[in-house]
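So for the sequence shown, the working numbering puts the first residue at 64; every next one is plus one.
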Amino acid sequence: MLSPPVEIGLTAAIVAVGGDAPLILTAPARDKNAEAALPSGPFDPIRHRTFEIGLRAWVAEQTGAPLGYVEQLYTFGDRGRHARAGDRDPHVVSVGYLALTRIGEDAQRGAFGAWRSWYDFFPWEDWRNGRPELIESSIRPGLAGWVTEAPEAISSSGLSRRQRVELLFGARGFNEENVLERYELLYEAGMIEEALRDGREAAARRGALEPLGAPMRHDHRRILATAMGRLRAKMKYRPVIFELMPAAFTLTELQRTVEAIAGRHLHKQNFRRLVETSAIVEPTGEMSLRTGGRPAALFHFRRNVLQERPSPGLRVGIRS
């Protein structure tokens with residue numbers, strides 16, 4: 064029997080921050096009932112010399128948005144993505160990318176897609192106002208039944224179902240970097256729409272599902288989860304957060320941007336002490352009047368820090 068052909072796809076999780084919201088750029092919808100999707104398209108080795116050139120071409124064509132920082136994430140090739148037994152259509156293996164840009168006139172001009180908060184898709188990841196209520200009302204009760212089915216079943220991580228639930232959704236704290244692990248646990252337990260759509264047995268046994276965040280086309284929510292975890296981890300040792308900031312900003316604006324991405328509240332004085340000791344920003348000598356209160360000092364990213372030490376990030380704590 065011939066195997067279905069394989070097609071290489073390129074998919075971008077394009078992140079910006081608007082106000083206090085971490086935003087993800089979604090591609091134009093096919094119709095009003097279509098699931099949200101990340102900008103994506105097939106790699107054409109004739110048109111595209113590299114994967115990144117192909118990615119930028121598809122993003123420009125589908126959204127008109129300019130891209131700044133771009134980083135390859137992972138190659139996603141699970142058969143549950145598109146193919147089914149007996150399919151003759153190409154099986155799509157997608158190369159996922161994280162891209163960062165700024166919201167502003169240049170970013171908005173000609174954009175055909177829509178900016179949406181990434182917490183629309185991952186509401187359990189926003190801890191800025193404390194532990195999300197739906198963890199206790201929906202997620203833990205749903206996972207409890209799944210654990211009861213096989214409480215000692217061991218995953219590839221070497222942990223039982225019970226241990227994984229406690230690690231990722233327990234009361235001991237919140238590791239903001241484990242976005243993909245939390246998504247994969249909910250998928251495996253059949254609690255999200257993509258698992259039902261992909262024909263997973265755990266989801267089929269549950270039947271109709273209570274929405275846990277907005278679903279996305281194909282496995283785009285898995286790609287977005289990977290991008291979120293990568294960005295949350297990377298901003299602690301590389302200054303990527305400044306790819307999302309304007310040229311000049313107040314320390315309050317910087318803190319809110321870090322909090323938006325990390326999904327957790329940071330103590331104001333501790334954050335300012337962290338910024339000061341890191342020497343990662345310096346004052347411009349100007350003041351901002353857009354705060355609504357007393358004028359605030361403006362700062363900018365000090366690029367010399369890249370030559371001064373190997374890991375110039377903002378080492379915010381992991382647990383809240």
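Beta carbons are placed, not taken as given, at the ideal position from N, Cα and C, and that holds for glycine.
Just so you know, these numbers come straight off a predicted model, no measurement behind them.
Strand pairing of residue i, partner residues [DSSP]
i: Gly104; result: Leu73
i: Phe312; result: Phe362
i: Gln135; result: Tyr160
i: Met279; result: Ala99
i: Ile217; result: Ser223
i: Ala79; result: Leu86
i: Ser180; result: Leu86
i: Trp190; result: Arg327
Three-state class that DSSP yields for residue i in the structure shown
i: Ser200; result: helix
i: Pro85; result: strand
i: Thr347; result: strand
i: Ala265; result: helix
i: Val242; result: helix
i: Arg335; result: helix
i: Val155; result: strand
i: Gln370; result: helix
i: Glu273; result: coil
i: Val228; result: helix
i: Leu377; result: coil
i: Arg293; result: helix
i: Asp169; result: Unreliable placement is indicated for Asp169, whose pLDDT of 46 sits below 50; the coordinate value is still reported in the next sentence. In the structure shown, Asp169 sits in a helix (DSSP, three-state: H, G or I).
i: Leu130; result: coil
Test item: CB-CB of residue i and residue j under 7 Å
i: Ala290; j: Leu161; result: yes
i: Phe232; j: Ile198; result: yes
i: Asp282; j: Phe139; result: yes
i: Pro346; j: Phe334; result: no
i: Leu136; j: Gly159; result: yes
i: Leu307; j: Leu163; result: yes
i: Glu257; j: Pro274; result: no
Pairwise C-alpha distance: residue j and residue i
i: Leu317; j: Ile71; result: 38 Å
i: Thr113; j: Ile77; result: 19 Å
i: Ser157; j: Gly292; result: 18 Å
i: His145; j: Leu243; result: With a pLDDT of 45 at His145, under the threshold of 50, the modelled position of that residue is not reliable, and the figure given next carries that caveat. Approximately 20 Å, taken between the alpha carbons.
i: Thr320; j: His328; result: 11 Å
i: Val122; j: Ala213; result: 43 Å
i: Pro195; j: Pro68; result: 43 Å
i: Leu118; j: Glu339; result: 38 Å
i: Leu86; j: Ala323; result: 9 Å
i: Gly127; j: Phe364; result: 27 Å
i: Ser218; j: Asp94; result: 39 Å
i: Tyr246; j: Val228; result: 12 Å
i: Tyr132; j: Glu215; result: 43 Å
i: Ala120; j: Phe106; result: 10 Å
i: Ala100; j: Ile109; result: 25 Å
i: Leu314; j: Ala360; result: 8 Å
i: Arg224; j: Gly205; result: 13 Å
For the pair the region 83–94 and the region 176–196, tell me if three or more CB-CB distances fall below 8 Å.
Yes: at least three Cβ pairs fall under 8 Å.
Evaluate contact between the region 189–204 and the region 224–242, counting only Cβ atoms and requiring at least three cross-stretch pairs below 8 Å.
With the cut-off at 8 Å, the region 189–204 and the region 224–242 touch.
Pairing CB atoms from the region 205–224 with CB atoms from the region 247–255, are three or more of them under 8 Å?
For the pair of segments examined, the region 205–224 was found to touch the region 247–255: the number of CB pairs separated by less than 8 Å reaches three.
Taking 8 Å as the threshold, find out whether the region 367–382 comes into contact with the region 297–317 through three or more Cβ pairs.
The region 367–382 vs the region 297–317: in contact.
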